[in-house]
Amino acid sequence: MLKKLLTLGILGAAVVACGTTKAPKAVEASAPVAASEPVASAPEAAPVVASAPVVSNHNSVYFEFNKYDINDSYSGLVKANSTHLSSTAGSKVQVQGNTDDIGSVEYNLALGQKRADAVKKALIADGASAKQIEAVSYGKLKAKYSNDTDAGRAENRRADIVYKAGQPAGYSSDSNGLPMVDGTVYSGAVAAPQGAQ
Numbered sequence: 000m001l002k003k004l005l006t007l008g009i010l011g012a013a014v015v016a017c018g019t020t021k022a023p024k025a026v027e028a029s030a031p032v033a034a035s036e037p038v039a040s041a042p043e044a045a046p047v048v049a050s051a052p053v054v055s056n057h058n059s060v061y062f063e064f065n066k067y068d069i070n071d072s073y074s075g076l077v078k079a080n081s082t083h084l085s086s087t088a089g090s091k092v093q094v095q096g097n098t099d100d101i102g103s104v105e106y107n108l109a110l111g112q113k114r115a116d117a118v119k120k121a122l123i124a125d126g127a128s129a130k131q132i133e134a135v136s137y138g139k140l141k142a143k144y145s146n147d148t149d150a151g152r153a154e155n156r157r158a159d160i161v162y163k164a165g166q167p168a169g170y171s172s173d174s175n176g177l178p179m180v181d182g183t184v185y186s187g188a189v190a191a192p193q194g195a196q
């Protein structure tokens, strides 16, 4: 009996030792992070905790933890914005990349820039002019939601499409200053990814 318990204890310790997660790959820093600054090591991944999606009519693309690839569910929102930009020569947007607070300032500025650049490239691919779009990163510096909860962190992982000129008639901002669009611009719903990390 003692031998079985000792064997189970050793197997349990081996499983725990093998079950650690690897840190995500570091991304290269880009504007506004100076090229001479070292890129900090990637944040440790926190455990996955399911949470309800955040459904809104934000003019934003949400991202999974430590990711900057655009989920297909945002293609309608991106297309609606690129259509308005391509049909309204005076329209200009600033795509603002944001992150949660996990990781260093430098790492999150670089990740936020990659998110903003991904949305900019998608807008251009759908017909908008590169001259109409500026991509910037705020990283974790201008959080709109509390990073004290998984749901708040999920809401902070986004790129906002903010009109600086020639906005569509159904464009506004919410009480947090986030860009909003009504059904005349885009009739789908935008949802933050399920699972906080």
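Numbers 0 to 196, taken from numbering that gives the first Met the number 0, label the letters of the sequence shown in order. Glycine included, each C-beta is placed from N, C-alpha and C at the ideal position. Quantities reported herein were computed from a predicted structural model and do not represent experimental measurements.
Exercise. Taking the C-alpha atoms as reference points, what is the distance between Asn175 and Ala134?
Worked result: Looking up residue 175 in the sequence shown gives position 176. Looking up residue 134 in the sequence shown gives position 135. Roughly 20 Å between the two C-alpha positions.
For this session: State the CB to CB distance for the pair Ala158 and Val118, rounded to an integer number of angstroms; the pair is presumed to be in contact (CB under 8 Å).
Result: Residue numbering aside, residue 158 sits at position 159 when the sequence shown is read from its first letter. Residue numbering aside, residue 118 sits at position 119 when the sequence shown is read from its first letter. So it is a contact: roughly 4 Å between Cβ atoms.
For this session: Put Arg157 into one of helix, strand or coil per three-state DSSP.
Result: Here residue 157 refers to the residue found at position 158 of the sequence shown. Reduced to three states, the DSSP call for Arg157 is strand.
Exercise. How many Å lie between Tyr170 and Ala150 at the Cα?
Worked result: Looking up residue 170 in the sequence shown gives position 171. Looking up residue 150 in the sequence shown gives position 151. For Tyr170 and Ala150, the distance between alpha carbons rounds to 25 Å.
Exercise. Is it a yes or a no for the stretch 139-154 touching the stretch 123-130, going by three-plus beta-carbon pairs under 8 Å?
Worked result: no
Problem set entry | Assigned secondary structure, Val180 (DSSP; H/G/I helix, E/B strand, else coil) | Working through the sequence shown from its first residue, we reach residue 180 at position 181. Strand.
Problem set entry | Buried or exposed by the 16-neighbour rule on C-beta atoms within 10 Å, applied to Leu140 | Against the sequence shown, residue 140 aligns to sequence position 141. The residue is exposed, with fewer than 16 neighbouring Cβ atoms inside 10 Å.
Problem set entry | Those residues which DSSP pairs with Gly89 across a bridge | The residue you call residue 89 lines up with position 90 of the sequence shown. Paired residues: none, contrary to the question.
For this session: Identify whether Tyr170 lies in helix, strand or coil by the three-state DSSP scheme.
Result: Taking the sequence shown and counting its residues from 1, the one referred to as residue 170 is at position 171. Three-state DSSP puts Tyr170 in a strand.
Exercise. In chain order, what residues of the same chain lie with their CB nearer than 7 Å to the CB of Ser75, ignoring the 5 residues before and after it?
Worked result: Taking the first residue of the sequence shown as position 1, residue 75 is located at position 76. As written in the sequence, residue 75 is Gly, which differs from the Ser given in the question. Same-chain partners within the cutoff: Tyr185, Gly187.
Exercise. Excluding sequence positions up to five away, which residues of its chain have a Cβ less than 8 Å from the Cβ of Ala164?
Worked result: As a working note, residue 164 is residue 165 in the sequence shown. The answer, listed in chain order, is Gly89, Ser90, Lys91.
Exercise. To the nearest angstrom, how far is it from the Cα of Ser182 to the Cα of Val77?
Worked result: If you number the sequence shown from 1, residue 182 lands on position 183. If you number the sequence shown from 1, residue 77 lands on position 78. A quick correction: the sequence has Gly, not Ser, at residue 182. Near 14 Å, if we compare the C-alpha coordinates of Val77 and Gly182.
Exercise. If you run the structure through DSSP and keep just helix, strand and coil, what is Ile69?
Worked result: Your numbering for residue 69 matches position 70 in the sequence shown. Correct three-state label for Ile69: coil.
Exercise. How long is the line joining the alpha carbons of Ile123 and Ile69, rounded to whole angstroms?
Worked result: If you number the sequence shown from 1, residue 123 lands on position 124. If you number the sequence shown from 1, residue 69 lands on position 70. Their Cα atoms are separated by approximately 14 Å.
Problem set entry | Rounded separation between Ser59 and Gly102 - CA only | Taking the sequence shown and counting its residues from 1, the one referred to as residue 59 is at position 60. Taking the sequence shown and counting its residues from 1, the one referred to as residue 102 is at position 103. So the two alpha carbons sit approximately 22 Å from each other.
Exercise. So the beta strand (DSSP E) Ile132 belongs to, where does it begin and stop?
Worked result: The residue labelled residue 132 in the question sits at position 133 within the sequence shown. Per DSSP, Ile132 belongs to the beta strand (DSSP E) from 132-138.
Problem set entry | Endpoints, alpha helix (DSSP H) assigned at Tyr106 | In the sequence shown, residue 106 corresponds to position 107, counting from 1. First-last of the alpha helix (DSSP H) with Tyr106: 104-124.
Problem set entry | Through-space distance from Asn56 to Ala34, alpha-carbon basis | Residue 34 sits at position 35 when you count from the first residue of the sequence shown. Residue 56 sits at position 57 when you count from the first residue of the sequence shown. For Ala34, the pLDDT reaches just 37, beneath the cut-off of 50, and the residue's location in the model is therefore unreliable, although a value from the coordinates is still provided. Near 36 Å, if we compare the C-alpha coordinates of Asn56 and Ala34.
Exercise. Where DSSP assigns a beta bridge to Val77, which residues make up the other side?
Worked result: Locating residue 77 in the sequence shown gives position 78, counting from the first residue. None; Val77 has no bridge partner.
Exercise. When DSSP builds the beta bridges, which residues end up paired with Asn97?
Worked result: Position 98 of the sequence shown, counting from 1, holds the residue named residue 97. Asn97 pairs with Gly138.
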